[in-house]
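Novice: Line by line, the protein sequences give chains A and B. Under the working numbering, think of the first position of the first sequence as 196, with each following residue one higher. Under the working numbering, think of the first position of the second sequence as 196, with each following residue one higher. Attaching a single structure in structure tokens format; questions to follow.
Protein chains: 2
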Amino acid sequence: MTADRNRELLAAFRGGDRRALARLLSMVANRSPDINGMLDDLFALTGEAWRVGITGPPGAGKSTLVNRLVAAYRSRELTVGVIAFDPTSPFTGGALLGDRVRMEMVSQDPAVFIRSLATRGHMGGLAVGVDESCDLMDAFGKQRVLIETVGVGQSELEIAESADTTVVVLMPQSGDAIQAMKAGLMEIADIFVLNKCDREDADRAYQELAGILSLKDPQGGWRPPIIRTIAAQGDGVDELLDAVNLHHSHLVDTGRLVERRSKRHAAKTRRLVEDDLRRRLWQAERKRESGEGLEGGQSPYELAKRLIDDFYEEIRDEEA
Amino acid sequence: MTADRNRELLAAFRGGDRRALARLLSMVANRSPDINGMLDDLFALTGEAWRVGITGPPGAGKSTLVNRLVAAYRSRELTVGVIAFDPTSPFTGGALLGDRVRMEMVSQDPAVFIRSLATRGHMGGLAVGVDESCDLMDAFGKQRVLIETVGVGQSELEIAESADTTVVVLMPQSGDAIQAMKAGLMEIADIFVLNKCDREDADRAYQELAGILSLKDPQGGWRPPIIRTIAAQGDGVDELLDAVNLHHSHLVDTGRLVERRSKRHAAKTRRLVEDDLRRRLWQAERKRESGEGLEGGQSPYELAKRLIDDFYEEIRDEEA
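In structure tokens, the structure reads:
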């Protein structure tokens, strides 16, 4: 019986079995039909972990920084979960996995749990189930959950909706701050990291970023600090950790944490509703029809109207 | 009467009145409730324009290239529509509009129509109504429509769903090709442009990109060429135009154009259906409830289930 197996799995999870955590994370990734009910059961165990999103443009050194952060948290005796995205591009092959492999070294530590999620096809959106994966790490008892984006695409910005603290990593490179501004990263950053600060143009880049930030009104009394790091050498990582803690305290003290988490809860609820509705809406028959508009000479506007009417009719014809 | 005004507007549009085009584009941007019916009316006029998406990382020189492409198309006596995205970040102000202003110079030409669309909030997704805006330019008689993304976020990849030919612009910069690969740009590119080829590392960058591309199987018999340009000086722009034409012929000759446009038609139909459904789903009352889960102590999984049941009940209670 699946129900029995699921109950056993939940019991093993509650008992701290890492394989049970791994199994549930896979169920999330595979969109198992049972997983939402199981997450509902575990919901009461969530809310303790601090969720730190690490984002920024490609090449800024996010993976290296995450490695260092894990080590720093461990030296403060905190347990850590890491959620990282791998591109699933069919022809990227193993070459890009170098960072991930390095990370696996850190993961020999049983207090650390690392999970790579596949991004959703070529659209670059946030991986399926990143919120749910955080919930699982949280319910499992991880005290910190780090979420690292692949660095391009929607995921860069969506991460702010899953994280308590969002860290935007930049590097000293001409126009990087301007581009980050264009990309909307300024709005989501709680903390900036200027990484690779051993480069000669680091001071200029720092001034540029500080200049742009000074134009921005602090949101809710918080002005994002800029932390200078050389992640490859571990420089500045403790300062970054302190800044995350400071941001944590700030959110708790001002009551903005409740507000932020309430928003996240609402966004997640709405996403779950829409996912469910979409599954039902795009059942085989309607999905097929939606693909035959052009050959049938129907405009998308006309066809869309017909499909909606059809959907409503189906619901009405059904017993409640 | 709104209906009368809309009819007049459509008549003016069909008569080639640029102000009518501008007005309809605004109705798209403002999600006017009347616009879908009007687009349905104009649908028969679409399908002639060739839609070229220009995307790539920030700073690669996309705006400059678009300017040059417009001029090159004009010298071949083709009419052009341009759809470009402006970041709507509340504090970016006017500083970033320099490129756009330069573009307005090109737009003195009455055969060119340029429209900037706002991107959707901080999420970086493709601007509201880019497809519909293309349809309008197309129905208005523009022979080429250029769509330029802001260069970061989802828009970079979504553009491939609106374009007939997708041009990915890179520049000679260490690791740019690798990062493009990570970001999924390799999958969507019909043509690569290596811009700023007057830089000293251009040859190395070209080899790197060519090396990566050689590992990839050509899709449907098309292997994306790499065009070297110096957009600021106009070098390579004619070659790019020729490559776009070649890609056009390829899609027509192999029948892949029908396939591609049929997919686009289907995706658009589904989006229209989902937008409509979402509007109805998230009416004030349910929207409010979805935001009260955390304080009510309900898990998002539990609350989502209740909201869906509620939505279905509402539809059942209603007369068809």
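All residues carry an ideal CB built from backbone N, CA and C; glycine is no exception. Computed from a predicted model, the values in this text were never measured in an experiment.
Would you say T361(A) reaches chain B, if we count a Cβ-Cβ gap shorter than 8 Å as a contact?
Specialist: no
Novice: In chain order, what residues of the same chain lie with their CB nearer than 7 Å to the CB of A462(A), ignoring the 5 residues before and after it?
Specialist: E356
Novice: What would DSSP say about G345(B), mapped onto helix, strand or coil?
Specialist: With the sequence shown as reference, residue 345(B) is identified as Val, and Gly is not the correct amino acid for it. Note: V345(B) maps to coil in three-state DSSP.
Novice: I'd like the span of the beta strand (DSSP E) that includes L410(B), first residue to last.
Specialist: Careful: L410(B) lies outside any beta strand (DSSP E) and carries neither H nor E.
Novice: Per DSSP, what are the beta-bridge partners of W417(A) in this structure?
Specialist: Q414(A)
Novice: In chain B, which residues lie less than 9 Å from E457(A) when you measure between Cβ atoms?
Specialist: The residue you asked about is not Glu; residue 457(A) is Ser in the sequence shown. Within chain B, the residues near S457(A) are G486, E487, G488, L489 and E490.
Novice: Check the Cβ-Cβ distances between L446(A) and every residue of chain B, and say whether any is below 8 Å.
Specialist: no
Novice: For a contact defined as C-beta to C-beta under 8 Å, what are the partners of T208(B) on chain A?
Specialist: It should be noted that the sequence gives Phe, not Thr, for residue 208(B). The contacting residues do not exist; F208(B) stays about 16 Å from chain A at best.
Novice: Do we get a CB-CB distance below 8 Å when we pair S494(A) with the residues of chain B?
Specialist: yes
Novice: Report yes if the C-beta distance between L341(B) and S328(B) is below 8 Å; otherwise report no.
Specialist: no
Novice: Could you tell me which of D304(A), Q368(A) and P419(A) sits nearest to R394(A), measuring between CA atoms?
Specialist: Selected option, being the one with the closest Cα: Q368(A).
Novice: How long is the line joining the alpha carbons of P495(A) and Y268(A), rounded to whole angstroms?
Specialist: 53 Å
Novice: Go ahead and label S409(B) buried or exposed: buried means 16 or more other beta carbons lie within 10 angstroms of its beta carbon, across all protein chains shown.
Specialist: exposed
Novice: Any beta carbon of chain B sitting closer than 8 Å to that of A387(A)?
Specialist: Checking the displayed sequence, the identity of residue 387(A) turns out to be Phe instead of Ala. Not closer than 8 Å to any Cβ of chain B, the Cβ of F387(A) fails to qualify, so no.
Novice: Using 10 angstroms around the beta-carbon of D437(B), count the other beta-carbons present and answer buried if the total reaches 16, otherwise exposed.
Specialist: Its Cβ having fewer than 16 others within 10 Å, D437(B) is exposed.
Novice: State the Cα-Cα distance for the pair K482(A) and C392(B), rounded to the nearest angstrom.
Specialist: Our two residues, K482(A) and C392(B), have alpha carbons roughly 46 Å apart in a direct line.
Novice: Just verifying my parser: in three-state terms, what is the DSSP assignment at T360(B)?
Specialist: Reduced to three states, the DSSP call for T360(B) is strand.
Novice: With burial defined as no fewer than 16 other Cβ atoms inside 10 Å of the residue's Cβ, what is the status of T197(A): buried or exposed?
Specialist: exposed
Novice: Return helix, strand or coil for T424(A), following the three-state DSSP convention.
Specialist: T424(A) falls in the coil class under three-state DSSP.
Novice: Could you give the C-beta distance for F238(A) and G276(A), rounded to a whole number, given that I count them as a contact under 8 Å?
Specialist: Not confirmed; about 17 Å, so no contact.
Novice: When the distance is taken between beta carbons, is A426(A) closer than 8 Å to L260(A)?
Specialist: yes
Novice: Within 10 angstroms of its Cβ, does R448(B) collect 16 or more other Cβ (buried), or is it exposed?
Specialist: Contrary to the premise, residue 448(B) reads as Asp rather than Arg in this sequence. Exposed, because fewer than 16 other Cβ atoms sit within 10 Å of the Cβ of D448(B).
Novice: Let me know if V265(A) comes out buried or exposed under the rule of 16 or more other beta-carbons within 10 Å of its beta-carbon.
Specialist: buried
Novice: Whose CA, out of L435(B), S221(B) and G232(B), lies closest to the CA of R202(B)?
Specialist: Distances from the CA of R202(B) to each of L435(B), S221(B) and G232(B) were compared; the closest alpha carbon is that of G232(B).
Novice: Here's the rule: buried if 16 or more other CB atoms are within 10 angstroms of the residue's CB, otherwise exposed. What is P253(A)?
Specialist: Label assigned to P253(A): buried.
Novice: Go ahead and label S258(B) buried or exposed: buried means 16 or more other beta carbons lie within 10 angstroms of its beta carbon, across all protein chains shown.
Specialist: buried
Novice: How many Å lie between G492(A) and I503(A) at the Cα?
Specialist: Approximately 18 Å, taken between the alpha carbons.
Novice: Any C-beta of chain A within less than 7 Å: which residues of the segment 262-279 of chain B qualify?
Specialist: Here the close residues number zero.
Novice: For D330(A), collect the residues of the same chain with a Cβ closer than 8 Å to its Cβ; drop the 5 residues on either side in sequence, then sort them by chain order.
Specialist: L234, L237, F238 and T241
Novice: Hey, could you find the ends of the beta strand (DSSP E) T250(B) is sitting in?
Specialist: The continuous beta strand (DSSP E) containing T250(B) extends over residues W245 to T250.
Novice: I want to verify the contact list: residues of chain A whose CB lies under 7 Å from the CB of D235(B), in sequence order.
Specialist: S494, Y496 and E497
Novice: Is S328(B) helix, strand or coil by DSSP?
Specialist: Here S328(B) sits in helix by DSSP.
Novice: Does the Cβ of R399(B) have 16 or more other Cβ atoms within 10 Å, making it buried, or fewer, making it exposed?
Specialist: exposed
Novice: Under DSSP, the beta strand (DSSP E) around L312(B) begins and ends at which residues?
Specialist: V307 to A313
Novice: Thinking C-alpha only, which one of F280(A), L472(A), R339(A) and K458(A) is nearest L273(A)?
Specialist: R339(A)
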